[in-house]
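A quick write-up on the structure given underneath.
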Amino acid sequence: MFKKKSSLQKAMNKWERMSQDSSFRQAYEAREKALMDEAAKFAHARNEGKKEGIQEGVQQGKIQMIRGMHELGVPLETIAKASKLSIDEVECILEKNN
12 MFKKKSSLQK
22 AMNKWERMSQ
32 DSSFRQAYEA
42 REKALMDEAA
52 KFAHARNEGK
62 KEGIQEGVQQ
72 GKIQMIRGMH
82 ELGVPLETIA
92 KASKLSIDEV
102 ECILEKNN
C-alpha cells in the first residue's frame, strides 16, 4: 500500500511540475481541444446518420402504403392524394417495385 502511495505521489508531483510549463500546458490544451472536436464530429455524423435512417424508413413506409393501396384497387388519384405525391410519382414507385 505504501508503494502505491509513493508511486501516486511521484506521478502527482511530476504532473504538477509539467503543468507549470506553459508549452506543456498549451500542448495539453491543444490535445484536449482536438479530442473534443473529434468527439463532436462523430456525434454530428451519428446524428446525421440517424436522420437519414429515419427519412429512409419513412420513405419505405410510404412505398409500402402505396403498394398496399394499389393492391386493394384504390385509384391512383386517391393514392396520390393520400401519399402527397403526384400521380406520376406514384406510377414511378409502382413500376420500380413490381
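So for the sequence shown, our numbering puts the first residue at 12; every next one is plus one.
Note that beta-carbon positions come from the ideal geometry of N, C-alpha and C, so glycine has one too.
If you're wondering where the values come from, they're calculated on a predicted model, not measured in any experiment.
Checklist entry - Smallest Cα separation from Arg2: which of Tyr39, Arg36, Ser34 and Glu102? => result Residue 2 lies beyond the range of the chain shown here (12 to 109); nothing can be said about it.
Next on the checklist: Whole angstroms are fine: how far does the CA of Val69 sit from the CA of Gln75?
Outcome noted: In the sequence shown, the residue the question calls residue 75 occupies position 64. In the sequence shown, the residue the question calls residue 69 occupies position 58. Roughly 10 Å separates the two Cα atoms.
Next on the checklist: Given a cut-off of 8 Å on the beta-carbon distance, is the pair Ser94 and Lys73 in contact?
Outcome noted: Taking the sequence shown and counting its residues from 1, the one referred to as residue 94 is at position 83. Taking the sequence shown and counting its residues from 1, the one referred to as residue 73 is at position 62. Yes. Within cutoff.
Checklist entry - How would you label Ile90, buried or exposed, when you count the other beta carbons within 10 angstroms and need 16 or more for buried? => result The residue you call residue 90 lines up with position 79 of the sequence shown. Its Cβ being crowded by 16 or more others within 10 Å, Ile90 is buried.
Checklist entry - In terms of residues, what are the limits of the alpha helix (DSSP H) holding Ser10? => result The requested residue 10 is not part of the displayed model; the chain covers only 12 to 109.
Checklist entry - If we count the other Cβ atoms within 10 Å of its Cβ and call it buried at 16 or more, is Ile104 buried or exposed? => result Taking the first residue of the sequence shown as position 1, residue 104 is located at position 93. Label assigned to Ile104: buried.
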